[in-house]
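Undergrad:
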Amino acid sequence: MKTAIEADPRWAAVLARNAAADGRFVYAVTTTGVYCHPSCGARTPRPEHVRFHPTPADAERAGFRPCQRCLADQPPPAVRNSALVTGLCRFIEQADHVPSLQELADHAGLSVYHLHRVFKSVTGLTPRAYAAAHRSQRVRSALERGAAVTDAIYTAGYASSGRFYAGSNQVLGMTPSRYRNGGSADAVIRFAVDQRSLGAILVATSERGICAISLGEDADALVRDLENRFPRADLRDGDVAFKQLVTRVVDFVESLGNGLDLPLDVRGTAFQQSVWLALSEIPPSEIVTHSRRPIDSRGGRSIRVR
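Residues in the sequence shown are numbered from 1 upward in steps of one, following my numbering.
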């Protein structure tokens with residue numbers, strides 16, 4: 001027969017070291033005089049030695065001291081890690097170059113290994129991938145404002161125009177000049193819109209690669225934004241196969257559950273980049289093949305914007 005402690009759902013959380021339970025309660029161990037977060041990696045105590053307390057303050061009033069392993073008197077590890085990563089993302093966004101791992105580690109006061117591990121566990125991305133997302137958005141925004149291609153490249157933080165041109169299809173889905181000009185009449189861009197936890201997401205691709213991944217509350221507004229961004233292109237609502245491909249990729253990224261405690265803009269950037277990277281692993285020709293069938297009632301409309 002289970003004891004009262006063993007029958008308590010909180011004990012199951014302690015046994016599982018469930019991080020989702022952190023912040024809801026702490027557990028104290030009478031034999032050590034220490035209290036811990038539920039996710040603490042310390043040796044699991046015997047249930048008869050465990051006492052539950054709603055807050056660290058309650059545990060301390062009962063005579064227990066905080067565990068130095070899980071820092072039980074501080075916010076839960078997930079909260080601390082999210083705050084750490086948010087600060088690193090702001091540092092990356094404000095830098096005029098891509099900070100090295102060592103720079104980020106020095107800024108945070110951590111080892112390179114620990115910083116890399118925490119950043120990826122929270123965002124699903126490496127620091128370099130997050131920096132690449134921010135830098136890519138900078139160059140896209142500059143080109144959309146009509147900036148000269150060279151100015152846009154260097155202002156965004158790219159060290160070499162040659163290196164940017166070599167990878168422009170992965171960043172823009174077309175040449176920089178064509179992106180700046182809003183596409184071209186012979187450029188077909190197919191798109192799909194889906195509803196997600198962050199709102200609506202639009203994915204658009206040309207024959208060269210992904211040219212837009214946008215998030216917003218209104219799906220129609222995202223389509224209008226795409227039309228404004230590429231007024232010279234032939235925009236087409238993707239067919240069923242293309243939409244299913246996008247849905248599968250977005251389902252996969254969303255299922256990872258990364259960045260739920262991050263500020264919305266940081267979480268959005270990480271989500272967009274994760275989708276972008278996942279789709280980038282599929283050759284552009286293979287993505288386009290999904291949408292080359294005649295567009296009919298199973299597919300969608302073709303809209304040419306002038």
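Think of the CB as a built atom: it goes at the ideal place given N, C-alpha and C, for glycine as much as any other residue.
#1: Is the distance from the Cβ of A13 to the Cβ of Y35 below 8 Å?
#2: For V79, count the other beta carbons within 10 Å of its own beta carbon; 16 or more makes it buried, fewer makes it exposed. Which is it?
#3: Quick test of the definition: if touching needs 3 or more C-beta pairs under 8 Å, does the region 222-237 touch the region 167-183?
#4: Going by beta carbon distance, what residues of the same chain come within less than 7 Å of S177, once the five residues before and after it are set aside?
#5: Which same chain residues end up closer than 6 Å to L143 when comparing Cβ atoms and leaving out the 5 residues on each side of it in sequence?
#6: For S291, which of helix, strand or coil comes out of DSSP?
#7: Is the distance from the Cβ of D73 to the Cβ of P56 below 8 Å?
#8: Using only CA atoms, which one of L84, R135, T126 and K120 lies nearest to L110?
#9: Going by alpha carbons, who is nearest to L198 out of V253, G209, T175 and F64?
#10: Identify which residue in I213, V223, D237 and L256 has its Cα closest to the Cα of L279.
#11: DSSP has P66 in a bridge; who is on the other side?
#12: Just verifying my parser: in three-state terms, what is the DSSP assignment at R313?
#13: For the region 124-135 against the region 263-279, are there 3 or more C-beta pairs whose distance is under 8 Å?
TA: By the coordinates alone:
#1: In this structure, Y35 does not lie closer than 8 Å to A13 by Cβ.
#2: V79 comes out exposed.
#3: Three or more beta-carbon pairs drawn from the region 222-237 and the region 167-183 are found closer than 8 Å, and the two stretches are therefore classed as touching.
#4: Excluding positions up to five away in sequence, the list reads V149.
#5: Once the five neighbours on either side are set aside, the close Cβ partners of L143 are A152, Y179 and R180.
#6: With a pLDDT of only 44 at S291, under the threshold of 50, the placement of this residue in the model should not be trusted; the figure read from the coordinates follows. If DSSP states are grouped into helix, strand and coil, S291 belongs with coil.
#7: At a Cβ-Cβ threshold of 8 Å, D73 and P56 count as neighbours.
#8: Checking every option, the nearest Cα to that of L110 belongs to L84.
#9: Comparing Cα positions, the closest option is V253.
#10: Of the listed residues, the one whose Cα sits closest to L279 is I213.
#11: Y35, per the DSSP bridge assignment.
#12: Since the first residue shown for the chain is 1 and the last is 306, residue 313 is missing from the structure and cannot be characterised.
#13: Contact holds: three or more Cβ-Cβ distances are below 8 Å.
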